[in-house]
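Heads up, the thing below is written out as structure tokens.
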Amino acid sequence: MKIFTTKKDLQQHLLQSGALNKTIGFVPTMGALHQGHLSLIELAQQYSDEIVCSIFVNPSQFNDPADLEKYPRTIAADINLLEQVNCDVLFNPPVSEIYDGNEHWHLNLGELENLLEGKFRPGHYQGVTQVVYKLFNIVKPDTAFFGQKDYQQFLVISKMVELLNMPVKLVMCPIKRDSDGLAMSSRNIHLTQTDRQHALVLSKTLNWVKDNFEKGNISRLKKEAELMISAEPDVELDYFEIANGDTLHPADDTSIKTVALVAAKVGATRLIDNVMLADGR
Ligand code: AMP
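Next up, the structure:
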């Protein structure tokens with residue numbers, strides 16, 4: 100695997116790939132890689148000739164400096180994992196390579212910005228779009244791969260691509276879970292043994308809602324789900340929503356695509372998860 104830390108070196112390499120007419124698949128990450136990230140790379144390999152993975156803990160998407168500070172960084176292990184799955188290129192720039200320290204960014208993301216995650220993490224999606232815009236401009240991928248795990252993020256990035264007419268195809272990849280159902284996340288490193296047990300209420304509740312989903316009883320299901328999660332010790336619910344899968348507005352009986360989304364603090368760690376209830380097809 101080739102590893103680049105500067106835009107210049109990466110772009111020089113990608114020029115050669117371009118000359119060979121290779122299609123580029125891009126998997127942006129913040130590192131502390133797990134099987135969820137690797138599943139994105141494996142899917143990307145089915146679509147693209149050459150895979151670029153980036154590892155960059157983006158300061159502008161953290162609204163809480165303590166959260167940024169304690170975000171796990173495991174670059175040696177990450178490189179190992181990427182080599183195991185035959186990733187072609189890793190882009191691992193320092194912050195100074197991406198930001199010159201004096202920038203303004205604002206994109207009109209509409210209501211998506213203030214709903215759900217946007218409400219609990221003000222400014223988060225401005226930071227996400229800022230860095231993904233920059234990374235797309237550097238890598239110029241044909242296709243970029245993102246996880247359903249960050250469902251709202253996928254909608255926000257789709258909106259950016261549409262607003263700015265960016266020539267990239269986006270692919271949403273399924274959520275990878277541990278065998279007990281917990282959605283894999285870099286943040287799971289912070290969970291204690293007991294936190295992990297408590298955290299299972301999130302996927303269990305999502306599954307229960309999926310199993311009991313009928314369009315006529317959305318508000319009752321939502322209330323019961325909230326009660327189930329709130330009854331779990333050491334779990335502090337931020338939101339549980341059954342939403343229209345395109346707008347993330349609360350779903351109504353006529354919503355075609357429907358998704359249940361949850362965010363909660365388990366001990367000191369904030370986790371998110373979701374499940375499709377109706378895919379609209
Ligand atoms: P992150 O490093 O957390 O920013 O995630 C990088 C990419 O991996 C994002 O597109 C995430 O949605 C995706 N991802 C994170 N966790 C999972 C998971 N458990 N399954 C599938 N994709 C995931």
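Counted the way my numbering counts, the sequence shown spans residues 100 to 380.
Just so you know, even glycine gets a beta-carbon here, dropped at the ideal spot from N, CA and C.
Just so we're clear, the structure is a prediction, and the values are computed from it rather than from any experiment.
CA-to-CA, the gap between E340 and I256 works out to about 21 angstroms. Per DSSP, reduced to three states, the secondary structure at D241 is coil, with no helix or strand assignment. In this chain, I197 is not harboured by any beta strand (DSSP E); it is covered by the alpha helix (DSSP H) spanning 194-197. In terms of Cβ geometry, L347 and L263 do not form a close pair [threshold 8 angstroms]. Between the region 112-122 and the region 152-160 there are fewer than three C-beta pairs closer than 8 angstroms, too few to call the two in contact.
With contact defined as three or more Cβ pairs closer than 8 angstroms, the region 173-180 and the region 222-236 are not in contact. In its chain, beyond the 5 residues on either side, L320 have a beta carbon closer than 8 angstroms to the beta carbon of N311. Restricting attention to L215, M265, Y232, the CA atom closest to the CA of D249 is found in L215. Annotated as distal: V188 and I140, with beta-carbon spacing of 8 angstroms or more. The beta-bridge partner set that DSSP reports for R276 consists of A282. If you ignore the 5 residues before and after G280, its C-beta comes within less than 8 angstroms of the C-beta of L299, S302, K303, N306, all in its own chain and listed in chain order.
Under the criterion of beta carbons closer than 8 angstroms, V334 and H297 qualify as touching, at roughly 5 angstroms. At the C-beta level, T105 and E196 come within 8 angstroms of one another.
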